[in-house]
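If you read the sequence shown in this note's numbering, its first letter stands for residue 1, the second for the next number, and so on. Beneath this line is the structure, given in structure tokens, with notes to follow.
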Amino acid sequence: MSDQSQWNAVDQYFIDRLFTDDEALGAALRSSAAAGLPPINVSPNQGKLLWLLARMCGARRILEVGTLGGYSSIWMGRALPEDGKLITLESDPRHAAVATENIARAGLSKIVEVRLGPALDSLPVIESQKPGPFDLVFIDADKPSNADYFEWALKLTRPGSVIIVDNVVRNGAVVEANLDDPRVNGVHRLTEMLSRESRVSATAIQTVGTKGYDGFLIALVSDTIPPR
Ligand code: SAH
Ligand code: DHB
Ligand code: MG
1 MSDQSQWNAV
11 DQYFIDRLFT
21 DDEALGAALR
31 SSAAAGLPPI
41 NVSPNQGKLL
51 WLLARMCGAR
61 RILEVGTLGG
71 YSSIWMGRAL
81 PEDGKLITLE
91 SDPRHAAVAT
101 ENIARAGLSK
111 IVEVRLGPAL
121 DSLPVIESQK
131 PGPFDLVFID
141 ADKPSNADYF
151 EWALKLTRPG
161 SVIIVDNVVR
171 NGAVVEANLD
181 DPRVNGVHRL
191 TEMLSRESRV
201 SATAIQTVGT
211 KGYDGFLIAL
221 VSDTIPPR
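Structure follows, in structure tokens:
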């Protein structure tokens, strides 16, 4: 029977063999903890997955909703070319300040821009600035707004863009009749929306690891090829 301590050990097994030691990422987590930010950043293994997906889709422009201390921003920012751009949205000024420092320490200040404010205020501003389509969007902020963020992601992407949503499984809560948890409702609303949405092909993958039992939703925009 597998449990959390084994999931931790397995994550560590792969970290030890597949990644190089990283001062900026470690420092980002230490300074986030010292500033009292909650430890809800993606795990190192998940961060590497975001980096891989960004590289696999040749991303040049990335949008992130939910910065926290910038840990996932650093992973994805590193996948971009020198003239690439990552805009990350954060409503908490304390989180944004820690993230800005962490991003600078990682040498990514030119590529990664933290925009302070509720994402639903920042997204129309981004649209009005006509930034060109984002190649990859990572949605990882307040869960009740998932469907709204996804709608915005559709407006700000192009056919072939990839949209990833974190925390769609929540320890299996997604299939429990937990109608009063707005975070679970947020996942339901998103999934129901996608079940009727012809502009995306999507799946969700359950994961275990240092962040417990959870999962990602991964979507490809305007896929006209039927899956087989
Ligand atoms: N992506 C980060 C973790 C994000 S945690 C990482 O993996 O490193 C979720 C973040 O979303 C928190 O910092 C929280 O303050 C922020 N957030 C919550 N509601 C928000 C909103 N309405 N707009 C923007 N950010 C929000
Ligand atoms: C929480 C938020 C996250 O984005 C996450 O990955 C894990 C936990 C939370 O709000 O508890
Ligand atoms: Mg998350």
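Beta carbons are placed, not taken as given, at the ideal position from N, Cα and C, and that holds for glycine. Just so it is clear, the structure is predicted and the values come from calculations on it, not from any experiment.
Residue i beta carbon near the ligand MG (any heavy atom closer than 7 Å)
i      : result
ASP121 : no
ASP180 : no
ASN146 : no
ASN167 : yes
ASP142 : no
Heavy atom of the ligand SAH within 7 Å of residue i beta-carbon
i      : result
VAL42  : yes
GLY212 : no
VAL65  : yes
PRO39  : no
LEU217 : no
HIS95  : yes
GLU90  : yes
TRP31  : Looking at the sequence shown, residue 31 is not Trp but Ser. Result no, Cβ not under 7 Å from the ligand SAH.
Cross-strand partners of residue i (DSSP beta bridge)
i      : result
GLY215 : GLN206
GLU90  : LEU116
PHE138 : GLU64, ILE164
SER201 : LEU220
Straight-line gap, residue i to residue j (C-alpha atoms, nearest Å)
i      : j      : result
ASP135 : SER161 : 5 Å
ARG158 : ALA54  : 15 Å
ASN41  : GLU82  : 25 Å
ILE164 : ASN8   : 23 Å
GLU64  : GLU127 : 14 Å
VAL208 : GLY215 : 8 Å
ALA34  : GLN6   : 27 Å
GLU176 : GLY107 : 43 Å
ASN102 : ALA27  : 7 Å
LEU74  : PRO131 : In the sequence as displayed, the identity of residue 74 is Ile instead of Leu. Approximately 21 Å between the Cα atoms of the pair.
GLU197 : ALA219 : 11 Å
PRO124 : SER91  : 15 Å
SER2   : SER122 : 42 Å
SER32  : GLN206 : 27 Å
LYS85  : ILE62  : 6 Å
Helix, strand or coil at residue i according to DSSP, with G and I counted as helix
i      : result
ILE111 : coil
ARG158 : strand
ILE163 : strand
ARG61  : strand
VAL184 : helix
LYS85  : strand
THR100 : helix
THR191 : helix
ALA28  : helix
LEU18  : helix
ILE234 : Past the boundaries of the shown model lies residue 234; the chain is included only from 1 to 228, so the question cannot be answered.
GLU23  : helix
GLN46  : helix
GLY172 : helix
Any non-hydrogen atom of the ligand DHB closer than 7 Å to residue i Cβ
i     : result
ASP11 : no
ASN8  : no
Nearest-angstrom beta carbon gap, residue j and residue i [assumed within contact, 8 Å]
i      : j      : result
PRO133 : GLY186 : Contact doesn't hold; Cβ gap of about 25 Å is too wide.
TRP51  : ARG17  : Incorrect: roughly 16 Å between the Cβ atoms, too far for contact.
ALA202 : LEU217 : 6 Å
TYR71  : GLY36  : Actually they do not touch by this definition, with Cβ atoms about 15 Å apart.
LEU89  : ALA119 : 4 Å
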